[in-house]
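One structure below.
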Amino acid sequence: MSTSGTDVDCERCQCHSEAKRTAILYTLLSQNLTHSRGGRSPGHQRCLCHQRRTVCLRTPHVTCQAASNVLVKTISFMKNLPSFHLLPREDQLLLLDSCWVPLFLLGLVQEMVTFEVMETPAPSMLKKILLDGQSKGQEPERTQPTLAAVQRLQCCLNTFWSLDLSPKEYAYLKGAILFNPDVPGLRASLYIESLQREAQRALQEVLQPLHPEDQGRFARILLIASTLKSIPPALITDLFFRPVIGNADIVELIVEMLYEITGGQLAPVAHVAC
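Residue 1 is where the sequence shown starts when you use UniProt numbering, and the numbers rise one by one after that.
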């Protein structure tokens, strides 16, 4: 993943260095912004260190199309599981809302989808001051992923690639992720727990002939899979889908795709923007 050569190891924040504090324009603008924000201290201003800089996809058209294809395959996986459709509709929706991100990320790994990001310019303080009060009542600006968050995501994907899973391993692992009995509010949690055990047992049985010398592979796969759940849905939405769907709710679109309420198609990736 490329970040235009920035140094990702930010040992300490330099955002409020003495040089910046003493700059006349910086001081005036900072005072104005602090006053408009209700008197927050300079320590709460936007941090511009490398770990907090916002990024967007370098080639959004290509990457968003690949991501959309992976999402369609992810939904197809759920559609083709009879045991999933035997669950109460409420449980299906709860599982979908809980697991679509880790399943999608696993799909990115399986499809070998790679991507690069580039930094997005931070909005100038002068622009904020000049436009202060004019944007009230309007929709808030779209959030942008941070460099640090994308790097954590890339680390998770790279770790999975190092496992070199087989198609059967992917299939059973997806089942183990989908049927999560710990999701709050489930009506058929015991049945879902049995489905998860069945998927894990099938995964373990596949591993024995494929990797007889690696006794710890099963536990390692489950451990690494648990890291996918730490990736925030907002990050995935903002990075891969917001350029395509705008302000639409991604979960509502996924539900439509799953039950084919309105044709089950993501919007064509014709015009995308950071």
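Every residue gets a Cβ at the ideal spot worked out from N, C-alpha and C, and that includes glycine.
(message) Going by DSSP in three states, E119 sits in which element: helix, strand or coil?
(response) strand
(request) Count the other C-beta atoms from every protein chain shown that fall within 10 angstroms of the C-beta of T114, then say buried if there are 16 or more, exposed otherwise. (result) exposed
(request) Can you tell me which of D182, P82, E256 and I245 puts its alpha carbon nearest to the alpha carbon of A67? (result) I245
(request) Following the continuous alpha helix (DSSP H) through V244, name the residue where it begins and the one where it ends. (result) R242 to I245
(request) Quick one: residues in its chain with C-beta nearer than 7 Å to the C-beta of L108, no 5 flanking neighbours on either side, listed in chain order? (result) V70 and L157
(request) Identify the continuous beta strand (DSSP E) that holds L57 and give its terminal residues. (result) V55 to L57
(message) Check whether the stretch 180-188 and the stretch 90-100 touch, using three or more Cβ-Cβ pairs below 8 Å as the test.
(response) yes
(request) Out of L195, W100, Q110 and F160, state which residue places its alpha-carbon closest to the alpha-carbon of E252. (result) W100
(request) Check whether the stretch 162-180 touches the stretch 221-234, taking contact to mean three or more Cβ pairs, one atom from each stretch, closer than 8 Å. (result) yes
(request) Give the single residue among Q110, F84 and Q151 whose Cα lies nearest to the Cα of E57. (result) Inspection of the sequence shows that residue 57 is occupied by Leu rather than by Glu. For L57, the nearest C-alpha among the options comes from Q151.
(request) Sort R197, R220, E119 and Q144 by Cα distance to F160 and report the nearest one. (result) R220
(message) So for T159, helix, strand or coil by DSSP?
(response) helix
(message) Does T227 come out as helix, strand or coil in the three-state DSSP assignment?
(response) helix
(message) Less than 7 Å between the C-beta atoms of I254 and T237, yes or no?
(response) no
(request) Using three-state DSSP, classify S36 as helix, strand or coil. (result) Residue confidence is low: S36 scores 46 on pLDDT, short of 50, so the model does not pin down where it sits. Its coordinate-derived value is still stated next. DSSP places S36 in helix when its eight states are reduced to three.
(request) With a threshold of 16 other CB atoms inside 10 Å of the CB of E169, please say whether the residue is buried or exposed. (result) buried
(message) For a quick check, are the C-beta atoms of R52 and T146 less than 7 Å apart?
(response) yes
(request) Can you tell me which of the three DSSP states H44 falls into? (result) Because the pLDDT at H44 is just 43, under 50, the model does not fix this residue reliably, and the point stays unresolved.
(message) Judging by CA-CA distance, which residue of C155, T74 and H85 is the nearest neighbour of L173?
(response) T74
(request) Say whether chain D places a C-beta atom closer than 7 Å to the C-beta of A234. (result) Note that chain D does not occur in the displayed structure, where there is just one protein chain.
(request) With a 10 Å radius around its C-beta and 16 neighbouring C-beta atoms as the bar for buried, classify T54 as buried or exposed. (result) buried
(request) Would you list the residues sitting across from T146 in a DSSP beta bridge? (result) T54
(request) Quick one: give me the first and last residue of the alpha helix (DSSP H) that F179 is part of. (result) Careful: F179 lies outside any alpha helix (DSSP H) and carries neither H nor E.
(message) Just to confirm the assignment, what range does the alpha helix (DSSP H) spanning G185 have?
(response) G185 -> no alpha helix (DSSP H), and no H or E assigned at all.
(request) Would you mind working out which of Y259, F240 and L258 sits nearest V62, comparing C-alpha positions? (result) F240
(request) Quick one: using the 10 Å Cβ neighbour count with 16 as the cut-off for buried, is S98 buried or exposed? (result) buried
(request) Return the residue from the list K79, H85, N80 and P212 that minimises the CA-CA distance to I192. (result) H85
(message) So for T63, helix, strand or coil by DSSP?
(response) helix
(message) If I measure Cβ to Cβ from F218 and keep anything under 6 Å in the same chain, skipping five residues before and after, which residues do I get?
(response) Q204 and L207
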